[in-house]
Structure formats: structure tokens, C-alpha cells
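Residue numbers (the numbering used here), protein chains in the order written: chain W, 285 to 659; chain D, -4 to 364. Below is one structure, written out as C-alpha cells; the observations come after it.
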């Protein structure tokens, strides 16, 4: 066996794998269509920022004061207010989901306004979606304090607020949710290609016995593994580049860190994902099982346990410990920092190191599992 | 006819459950997912780590900091004494929030001038950042009201009395766990049904089935019922855990909930069988199911509200059965929604289900090439 023979065999295996990918419409769909669909959905479709929230303004007794207060709601694009005459109508609208909140000005609003205690404004939000409910309460608060300030200025004074908050939001001053969703999505897309697609394809070879058939040829285990990994590594890198280009030029997400660090981090994560995919297929050797296991241990955790949407710091301690064995966790931290904050080495180094360790562990496991099969 | 269908159903169950690994995979992982995700999926912040940069060591500034420390949502990690320390702390994600009190704080406060407090928030996760800002504002508002009362300053002419209906403490778990019921039910049902026809096609036994006296409608029923039974079992198990383990209030009627589950299963099985009869191999069926599942979950309103989506995308969600089921689940669980408000969610699921089942049955015979 010469060195040349080994490269030739490897090239043949890689070629075979590429042909197989290109000829099966379903793997093309996962490798090319799915990333684009996901990017478009998350870039344009999904948003956590509530705008134009429908609220009902209930004014028991219209007056100049109530008109001034309610005009503040019409002036902001956070709300799409409708004016209703009584609470019954507003409650029905809230139940039917037509409005997300009710702002109720009672009959004696104008009178209480001028008394020492002040006038109460009743605010009710639909709490079913707690996150939206909380944002709406925050918006109402903002409208209220702007209105107070305005009123004070009109009377020629300043508002008597003891402490004033001056807020500064770093990295994402407009608080666009797209800026943190799109970078995190790269982790999901690479999990899809690296782990799910690889697991399915390799499991099919085990199921059909073609893997064993290949093992009796002069091809070595290492060559077989490389032959499987190289095409998917190339696919994964391609989809990463596509995601970065779409993020930067279509969705205007800033990339404040260096591209090469991003590329390096993505390659490390891709190796981990490929390792997981290979391990799953080697253990299950069955397409149905491989798909189930891949979705459950790679895809869903990448979605829910990685910090992609849900903050890890808010999870219970036990779940936080579990997130440490989820590779996507380290990659999402890398992505969000590289895109929005820059080359922060105190974040990059530990996360990259964790990914490197996981890659090594998975490959050692795959190598040992596949070798056993030969005995 | 009934006998033939029962025989087919029995065969389907045998095919699914003869393998021990498959039996385990259908029951154990969904339970683990429900438990882990039920705890993990939350938008609530309960440990916001923050740092304090206090340049005004007075009783007033300490009182304001005490307000932050006593809030159940935040947790002080460090005191810093130099503005250069702020950046590394936030960059490395050690703190989400830095509260900076300038040297003139107490003096301004006593003179009745507005005393500024600067807050710096890590905006990498925009949703977290807006929640942190909201918490901060409400803590400062509380402090202001208390200060105004204690020092005889005028209180604002208008104040807010806020309340959240159906979920007084605004716990996002109450919103997300009913959503997970829909998510997992869809996942299991789709995987079971999507494989059923494709497996037989790949192995060539589907052609044999077609030449038996079984009519396509009988094959369709025989293939649909096992998925239905598994889905119903799975949904019930998850609902029980949601109610008894996570203590999500079930305010509506079980009958309403199960009419939703029934129609949702119908539509999920319809989509699954349609994908299955389109696929030539198991792999295509699985990937096809996946191509449906991911957008269906994202566009269902599970984590991100449908109202925030652009109009074109909102229109697209109308063909997604999970969208309707999410409303039914949350409506019945949290709001105790009555039948007439649920109707607009129920019939679209029935329509999607019947249409897809019809198409699947048609494809049995017509996708022969």
C-alpha cells in the first residue's frame, strides 16, 4: 500500500459521497434549501420585539386631560390603540385576543390628577405570553413617563423625579432581536448538516450493509471516516459562508470580530457536529433510530439549551449543568460575541478550547466503536 | 373490512414495537425533553448578575443599591472602583448590567435636581436586554416613589396600577410548557407516520399491499390509526406531566382540550402520511418530515409571537396546523377558553387533516413510477 494509493482511494470515496448527496433531492434540501429557509425565517419572519401592539384605551369620561394622555399612545409606534367606551367591550376584546392590553382611565381622572395623591391608571395585560406581557408593561411605563415629562415641561417646569435612569445598551443599541438570532442560527444550521444529515447517511450505509462491504476492501477505517467527513465538512463550511454573507449583507448584522476567528470556531464546531453524527449512526445503525436520536440529542438542544433563544443564566442550576455538555452552547457564545462584541479573547479561548476537547472525545469514541465492528 | 383493517393495524404496531430500541425511543426521550425543556425554556430572568460602580459613597446611593440587591431577579457580583473595569466585565459576560452612580448623586438628590444613574446593559441578547432595562426602570421607580414620600416631594400626578391577567406573575413557563405539549406530540406523530409508508416502499412490500384486496381507504385507515394511538398516548402523558409536575393551571375543560388534540393529530397524521407517500426511501421521508417540522415549529408562535411577523409570513402560518393547536393549548390551559372562541382554531385543523389524508390516499396508487 503506497501513500498514493491511499489518496486515490480517499478521493474515490469523497467523489462517491458527493454524487450521493447531489443525486438525492432530500439531502440537497437539507444541505441547501433548509439553511436558506431558516435564515429567511429568522431574519425576516421571527421577532421578539413587539411593535404596533394592539391595546384598548377605555375612557370613562372623555376630557382634555384624557385626550392628552391617550394621544401619547397614538404618538408611539409601539402601540396600535383602539378607543373603547366601556370595560366590558375591552375585556371581551382581550379574551378574544384582539388586543394584548387594556389601559383604563376612570371617570374621575381629570379631578384626581389635580389632587395630591394623583390619578390611577389601570393597566391590564394578557399574561398568557409572559414575555410579550412584560414588554407591553414596559412600553406602557415608557409612554407614561414621557407623558409626565411632557406635562411638566408644558407647565414650564421640570418633572420632579428624584432619580433618573440613563440607559446605555452596548453592542446592540437598537435592541434588534435579529442581531442576536441570526448569528446563533449558524449553530443550528451547522448542527443540521454536521450531525443530522451525517447521522442519517451513515446509518443508511450500516442498515444496508454497504459499510461492512467497504470494510473488506483495502480501505482502512480512517479512510472511510475521512471519506464520509470531508464532503460534509465542505457542505457545512459552505453553508456557514452562505449564512455569514446573508447575515452581513441581507440582514445588516454587524460582524465586529475577525472573520478568521469565526471561520476557525465554525470549523471546530463542525468537527464536533460531524463526530456526533458519526457516533449516533455507528451506535444505532438504523435510519429511524438515528433520526430520532439526532433530533433529540443534537438538534433540539442546539435550539433550546444553547442560549440561542433562551438565556442559560435563567435556567435552574441542574439544567445549567446539562448545558455544559451541549456543544452548541459554546458555539453560540462564540457567535454572539464575535458578531456583536468583537474579538473578546476571554470569551473566545475557553469556548474554543471546550469545542476542541469535545471534537477529540467524539472522534476517539467513533474510532473505537467502528473498530470493534471489525472483530 | 373491519377485520382487514385491524390486521393491518396489528402489523403496523408489530413493525414499530418489535425493536426494543424503537420502543424506548418513542417513550423515554419525549419525557426527558419535556422535563429538560420545561425547565430550560424560559424568558424570565432570575439571576441578573450586575456590578456596581459607586462614586458617591452616601446613604442615598447605598439605599438605591439596596433596592437592586433586594430584587429577587438580580444578583450583585462585584463592586468596581474604576470605569476601566466595566468593559472587561461586560465583554466576558460576567455581568449583564453595570450600575454607575456619579459623585454628585446625593448632592443633586438633596437639592431636588434630577440625579442621574447610568445603567449599562449587555445588548447581545436583545430580549434579555429589554427585560433587564424594564426591571431596572421599575426598581428605580419604586425608589423614587419611596424617596418622594419620605422627603415630602410631590408624587407624580398620574400613576400606573398594572396587572397581568391569566398569569399574574408573568411566568413564561406557563406559556411555554403548553407549547411543548404541541411540539412533542407533533414530533412523535410525524416521525411514526412519515416512516410508515416509506419503509414499505423502500422494502418493496407496499406494492404487495396494493395488490391485496385492501382498498386504498383501508390502507389509509390502517396506517393512520397506529399514529393516532401513539400520538394520543404521548399527548396524554405530556399533559399529565404539565399539570401535575409543572403545575400549569388547567382552567378549561378536558373535552375542549381533547377535541383540539384529536383534530391536531388528524392534521399531523395527514401531513405525515402525505410526506411518507411522496418519499421513495426512508431517508427522504425523514428529511421531508424534518423540512416540514422546523418551519412548522418556528411559525407556530411557540417561542416568538405570530403578531410580530411580517404580514406575508403571517399569511403563511395559516397552513400550519401547529399554529392553531398552540392557541387551543394555551387558551384551554390558561384562559379556560369557551367553545365558541375555540371554533376558529378547530375547523382549520380538521380541514388540513382531511385534505392531506385525501391526498395521501390518492398518492398511494398514483405515485408508482
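For glycine and all other residues, C-beta sits at the position ideal for the given N, C-alpha and C. If you're wondering where the values come from, they're calculated on a predicted model, not measured in any experiment.
Notebook entry, point to check: Rounded C-beta distance between residue 447 of chain D and residue 186 of chain D? I'm assuming under 8 Å.
Noted result: Residue 447 of chain D is absent from the model: chain D starts at -4 and stops at 364.
Check: Among D/26, D/-1, D/0 and D/193, which one has its Cα closest to the Cα of residue 232 of chain D?
Finding: Ranking D/26, D/-1, D/0 and D/193 by Cα distance to residue 232 of chain D puts D/26 first.
Item checked: Start-to-end residues for the alpha helix (DSSP H) that takes in residue 452 of chain W -> Per DSSP, residue 452 of chain W is not a residue of any alpha helix (DSSP H); the beta strand (DSSP E) it occupies stretches across 447 to 454.
Notebook entry, point to check: Residues of chain D with CB under 9 Å from residue 406 of chain W, in chain order?
Noted result: Those are 155, 156, 157 and 158, listed as they occur along chain D.
Margin query: Please return the same chain residues whose Cβ sits closer than 8 Å to the Cβ of residue 254 of chain W, not counting the five positions on each side in sequence.
Written below: This structure gives no information on residue 254 of chain W, because the portion of chain W shown stretches from 285 to 659.
Next item on the list: Alpha carbon to alpha carbon, how far is residue 246 of chain D from residue 358 of chain W? Give it in angstroms, no decimals.
Entry: Roughly 35 Å separates the two Cα atoms.
Item checked: Own chain, CB closer than 6 Å to residue 274 of chain D, minus 5 neighbours either side, in chain order -> Short of 6 Å from the beta carbon of residue 274 of chain D, and not among the five residues preceding or following it, lie these beta carbons of its own chain, in chain order: 193, 280 and 283.
Notebook entry, point to check: Which two residues bound the contiguous beta strand (DSSP E) that contains residue 388 of chain W?
Noted result: Residue 388 of chain W -> beta strand (DSSP E) spans 385 to 389.
Margin query: Just to confirm, is the Cβ distance from residue 483 of chain W to residue 559 of chain W under 7 Å?
Written below: Between residue 483 of chain W and residue 559 of chain W, the CB-CB gap reaches or exceeds 7 Å.
Check: What does residue 77 of chain D reach in chain W if we use C-beta pairs closer than 8 Å?
Finding: Residues of chain W whose Cβ lies closer than 8 Å to the Cβ of residue 77 of chain D do not exist; the shortest such Cβ separation is about 18 Å.
Next item on the list: Please list, in chain order, all residues of the same chain as residue 364 of chain D whose beta carbon is under 7 Å from its beta carbon, the five residues on each side excluded.
Entry: With a pLDDT of 44 at residue 364 of chain D, under the threshold of 50, the predicted position of this residue should be treated as unreliable, though the coordinate-derived value follows. Taken in chain order, the list of residues that qualify is empty.
Checklist line | residue 136 of chain D and residue 114 of chain D closer than 7 Å at C-beta | finding: Cβ atoms of residue 136 of chain D and residue 114 of chain D: not closer than 7 Å.
Item checked: residue 624 of chain W and residue 456 of chain W closer than 7 Å at C-beta -> Taking 7 Å as the cut-off, the Cβ atoms of residue 624 of chain W and residue 456 of chain W count as close.
Next item on the list: Compare the beta carbon distance of residue 162 of chain D and residue 414 of chain W with 7 Å and say whether it is the shorter of the two.
Entry: Yes.
Next item on the list: Would you mind sorting residue 309 of chain W into buried or exposed? The rule is 16 or more other CB atoms within 10 Å of its CB.
Entry: Note on residue 309 of chain W: under 16 other CB atoms within 10 angstroms of its CB, so exposed under the neighbour-count rule.
Next item on the list: For the alpha helix (DSSP H) holding residue 321 of chain W, just list the boundary residues, first then last.
Entry: First-last of the alpha helix (DSSP H) with residue 321 of chain W: 318 to 324.
Notebook entry, point to check: Taking Cβ-Cβ distances shorter than 7 Å, what residues in chain D pair up with residue 595 of chain W?
Noted result: Chain D residues near residue 595 of chain W: 40, 120 and 123.
Notebook entry, point to check: Could one say the Cβ of residue 129 of chain D lies closer than 7 Å to chain W's Cβ atoms, at least one of them?
Noted result: Yes, because at least one Cβ of chain W sits closer than 7 Å to the Cβ of residue 129 of chain D.
Checklist line | residue 256 of chain D versus D/33, D/16, D/324 and D/102, residue with shortest Cα-Cα distance | finding: When only C-alpha atoms are compared, the closest one is D/324.
Check: Taking the continuous alpha helix (DSSP H) assigned at residue 112 of chain D, which residues delimit it?
Finding: Boundaries for residue 112 of chain D: no alpha helix (DSSP H) harbours it, while the beta strand (DSSP E) harbouring it runs 110 to 117, taken from the DSSP string.
Next item on the list: Name the one or two DSSP bridge partners that residue 155 of chain D has.
Entry: Beta-bridge pairing links residue 155 of chain D to W/405.
Check: What in chain D is Cβ-close to residue 418 of chain W, meaning under 7 Å?
Finding: For residue 418 of chain W, the chain D residues whose C-beta falls within less than 7 Å of its own C-beta are 126, 129 and 165, listed in chain order.
Note to self: Residues of chain W with CB closer than 8 Å to the CB of residue 87 of chain D, please, in chain order.
What the structure shows: Simply 628, 630 and 631.
Notebook entry, point to check: What residue does the alpha helix (DSSP H) around residue 43 of chain D start on, and which one ends it?
Noted result: Not the alpha helix (DSSP H): residue 43 of chain D falls in the beta strand (DSSP E), residues 43 to 49.
Next item on the list: For residue 391 of chain W, decide whether its Cβ has a neighbour in chain D, counting only Cβ atoms nearer than 7 Å.
Entry: No, its Cβ sits nowhere closer than 7 Å to a Cβ of chain D.
Notebook entry, point to check: Is residue 49 of chain D closer than 7 Å to residue 96 of chain D when the C-beta atoms are compared?
Noted result: Yes. Within cutoff.
Margin query: Short of 8 Å in beta carbon distance, which residues of its chain neighbour residue 472 of chain W, apart from the five on each side in sequence? Order them along the chain.
Written below: Excluding sequence neighbours, residue 472 of chain W sits near 322, 583, 586, 587, 592 and 612.
Check: If you measure beta-carbon to beta-carbon, which residues of the segment 302 to 323 of chain D are closer than 7 Å to chain W?
Finding: Against chain W - using a Cβ distance shorter than 7 Å - the residues of the segment 302 to 323 of chain D are 303, 304, 305 and 308.
Checklist line | Status (buried if at least 16 other CB within 10 Å, exposed otherwise) for residue -3 of chain D | finding: Residue -3 of chain D is classed as exposed because its beta carbon has fewer than 16 other beta carbons within 10 Å across all chains shown.
Item checked: 8 Å Cβ cut-off: residues of chain W touching residue 278 of chain D -> Here the neighbours are 308, 310, 311, 484, 485, 488 and 571.
Next item on the list: Check the Cβ of residue 455 of chain W against every Cβ in chain D and list those closer than 8 Å, keeping chain order.
Entry: Within chain D, the C-beta atoms nearer than 8 Å to that of residue 455 of chain W come from 117, 118 and 119, in chain order.
Notebook entry, point to check: How many Å lie between residue 118 of chain D and residue 632 of chain W at the Cα?
Noted result: C-alpha separation (whole angstroms): 18 Å.
Check: Can you tell which of D/60, D/195 and D/223 has its C-alpha closest to the C-alpha of residue 261 of chain D?
Finding: Nearest in C-alpha terms to residue 261 of chain D, of all of D/60, D/195 and D/223, is D/223.
Notebook entry, point to check: Excluding sequence positions up to five away, which residues of its chain have a Cβ less than 8 Å from the Cβ of residue 288 of chain D?
Noted result: Within the same chain, residue 288 of chain D has close Cβ partners 181, 182 and 185.
Notebook entry, point to check: Excluding five sequence neighbours on each side, which residues of the same chain lie with their C-beta closer than 8 Å to the C-beta of residue 368 of chain W?
Noted result: The residues are 340, 341, 342, 374 and 377.
Check: Touch check for the segment 313 to 324 of chain D and the segment 211 to 229 of chain D: three-plus C-beta pairs under 8 Å?
Finding: Taking 8 Å as the limit for Cβ pairs, the verdict is that the segment 211 to 229 of chain D does not touch the segment 313 to 324 of chain D.
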